[in-house]
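Engineer: Take a look at this one; I'll ask things after.
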Amino acid sequence: SLSLSLSLHPPPLSLSLSLSLSLSLPPRLSDINECADPTTCISGLCVNTPGSYICNCPQDFELNPTRVGCVDTRSGDCYLDVRMRGDASESLVCSNEIGVAVSKA
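Here's what the structure looks like:
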């Protein structure tokens, strides 16, 4: 609020002026760090922002439907049996296919 008062006095003429100013600021809100909660941005990099957060997902991951974590979007075939070949190449032999183009999401 702002108030101003002015008064004139009889001779000898004098002028009196007073001014007062007061400000009311809204209460300061405190921000919480959403990234401190381990259930926020699961499998991603959480970046705290004023009033919110951003969940950055690594390559081949995307935000899950509830937007609180990242899910692996890679897909491939799924096998019931996996075993080592046993030679120097150390490659895997997969058998008994149970799914094609499946993903963890």
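Numbering of the sequence shown is given in our numbering, commencing with residue 1061 and proceeding in unit increments. Think of the CB as a built atom: it goes at the ideal place given N, C-alpha and C, for glycine as much as any other residue. Here the structure is a predicted model, which is why all the values come from computation and not from measurement.
Can you give the Cα-Cα distance for S1082 and L1123, rounded to whole angstroms?
Structural biologist: Position 22 of the sequence shown, counted from the first residue, corresponds to residue 1082. Position 63 of the sequence shown, counted from the first residue, corresponds to residue 1123. For S1082 and L1123, the distance between alpha carbons rounds to 48 Å.
Engineer: How many whole angstroms separate the CB atoms of G1129 and C1101, which I take to be in contact at a CB cut-off of 8 Å?
Structural biologist: For the purposes of this step, residue 1129 is taken as the residue at position 69 of the sequence shown. For the purposes of this step, residue 1101 is taken as the residue at position 41 of the sequence shown. With 8 Å as the limit, G1129 and C1101 qualify as a contact, their Cβ atoms being about 6 Å apart.
Engineer: Keeping to the same chain, check which residues put their C-beta closer than 8 Å to that of P1110; ignore five residues upstream and five downstream.
Structural biologist: What you label residue 1110 is simply residue 50 of the sequence shown in a count that begins at 1. These residues qualify, in order along the chain: D1091.
Engineer: For the beta strand (DSSP E) containing T1205, list its first residue and its last residue.
Structural biologist: For the chain, the structure presents residues 1061 to 1165; residue 1205 sits outside this window and is missing.
Engineer: Which two residues bound the contiguous beta strand (DSSP E) that contains C1130?
Structural biologist: Here the question's residue 1130 lines up with position 70 in the sequence shown. Segment C1130 to D1132, the beta strand (DSSP E) holding C1130.
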